[in-house]
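The block underneath contains the structure these notes are about, expressed in C-alpha cells.
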Amino acid sequence: MSQRIVTLISEEDIAARVKELGRQITEEYRGRNLVLVCVLKGSFVFTSDLARAIDLPMRIEFLGVRSYGEGTTTSGVVQITQDLSRPIEGEDILIVEDIIDTGLTIAHLLDLFRTRRPNSIKVCALLHKPSRTRIQVPIDYLGFTIKDAFVVGYGLDWAEKYRNLPSISLVESD
Ligand code: 5GP
Numbered sequence: 014m015s016q017r018i019v020t021l022i023s024e025e026d027i028a029a030r031v032k033e034l035g036r037q038i039t040e041e042y043r044g045r046n047l048v049l050v051c052v053l054k055g056s057f058v059f060t061s062d063l064a065r066a067i068d069l070p071m072r073i074e075f076l077g078v079r080s081y082g083e084g085t086t087t088s089g090v091v092q093i094t095q096d097l098s099r100p101i102e103g104e105d106i107l108i109v110e111d112i113i114d115t116g117l118t119i120a121h122l123l124d125l126f127r128t129r130r131p132n133s134i135k136v137c138a139l140l141h142k143p144s145r146t147r148i149q150v151p152i153d154y155l156g157f158t159i160k161d162a163f164v165v166g167y168g169l170d171w172a173e174k175y176r177n178l179p180s181i182s183l184v185e186s187d
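Residue numbers (the numbering used here): 14 to 187.
Have a look at this one:
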C-alpha cells in the first residue's frame, strides 16, 4: 500500500492567514502582558510563525501534553508531560493550538489554567473541525475551518511523521 500526500492548505495560504492573525492579536494585546503558550508538539511550527507576526513584547511558554485516545481520536484525558516554566498569575494568556477536533483537550487546558489566576485567557487555533465537536470551547482566533479528515504537516504528525511538511495535507492510501 502506498501513500500520497495531497495538499489541503498551501504554504502561501497559511502564511497569509498567520500574518492576519498576528496583526489582529497585535491590535488587541497592545499594552498587556502577553504570554503565548505553545501546546507541544503539534503547535511548534504555528507558534514560531505566529510569534513573529505579532509586533509586541511577549513571553513564550511551552506546554507538553499527551492525550490518551484510541487511534487518531482523543479521550479527553490529558496528561501534562512538561509544565510552564513560570507562574501565569496576572498575565494575558493566549493558548496556541494546532487543531481543535473534539474540543476535549483545549477544554481541559482552559480548566487547568483558570486555576492559576491569569488576567485573561484566550485560544488561538490554526484549524478547527466543527463536525467533530464534543464540547463547545471558545476559539478567539482561528486560522481555518476544515472538514472531518485527518491532516498532517505544518507541525502536525501521523505517528511522528510529516511534521516538517510546509503545507497542511491529507494522507491518502492506495
Ligand atoms: P481534541 O482534544 O480537540 O479532540 O484533539 C486535539 C488534538 O488531537 C490536537 O491538538 C492534535 O494533537 C490531535 N488531532 C486532532 N485532529 C488531528 C488531525 O487531523 N491530525 C493530527 N495530526 N492531529 C490531530
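Glycine included, every Cβ here is placed at the ideal spot set by N, Cα and C.
Where residue i sits in the DSSP three-state scheme
i: Phe-163; result: coil
i: Asp-26; result: helix
i: Arg-176; result: coil
i: Arg-72; result: strand
i: Asp-111; result: strand
i: Val-150; result: coil
i: Leu-122; result: helix
i: Thr-128; result: coil
i: Gly-156; result: strand
Bridge partners - residue i, DSSP secondary structure assignment
i: Ile-106; result: Val-48 and Ile-134
i: Arg-17; result: Glu-185
i: Gln-95; result: Gly-77
i: Leu-117; result: Its beta-bridge partners do not exist; DSSP assigns none.
i: Leu-169; result: Gly-166
i: Ile-139; result: The question names Ile, but residue 139 is Leu in the sequence shown. Answer is none; Leu-139 lacks a bridge partner.
Proximity below 8 angstroms, CB of residue i to CB of residue j
i: Ile-108; j: Ile-152; result: no
i: Thr-115; j: Thr-94; result: no
i: Phe-75; j: Ile-106; result: no
i: Ala-129; j: Ile-101; result: Here residue 129 turns out to be Arg, not Ala, going by the sequence shown. Taking 8 angstroms as the Cβ cut-off, Arg-129 and Ile-101 qualify as a contacting pair.
i: Leu-63; j: Leu-47; result: no
i: Ile-67; j: Ile-38; result: yes
i: Ile-159; j: Leu-140; result: yes
i: Pro-131; j: Glu-104; result: yes
i: Arg-30; j: Gly-156; result: yes
i: Thr-20; j: Ser-180; result: yes
Beta-carbon contacts of residue i that lie in its chain and below 6 angstroms, excluding the five residues immediately before and after
i: Leu-169; result: Gly-55 and Asp-111
i: Lys-135; result: Leu-107 and Asp-153
Residues of its chain near residue i, where Cβ-Cβ distance is below 8 angstroms and the 5 sequence neighbours each way are ignored
i: Val-78; result: Val-52, Leu-53, Val-91, Gln-92, Ile-93, Thr-94, Thr-118 and Leu-122
i: Tyr-175; result: Ile-18, Val-165, Gly-166, Leu-169, Ser-182 and Val-184
i: Ser-15; result: Ser-186 and Asp-187
i: Lys-32; result: Ala-66
Any non-hydrogen atom of the ligand ADP within 7 angstroms of residue i CB
i: Ile-113; result: No copy of the ligand ADP appears in this structure; the ligands present are the ligand 5GP.
Beta-carbon contacts of residue i that lie in its chain and below 7 angstroms, excluding the five residues immediately before and after
i: Ser-98; result: Glu-74
i: Pro-143; result: Thr-158
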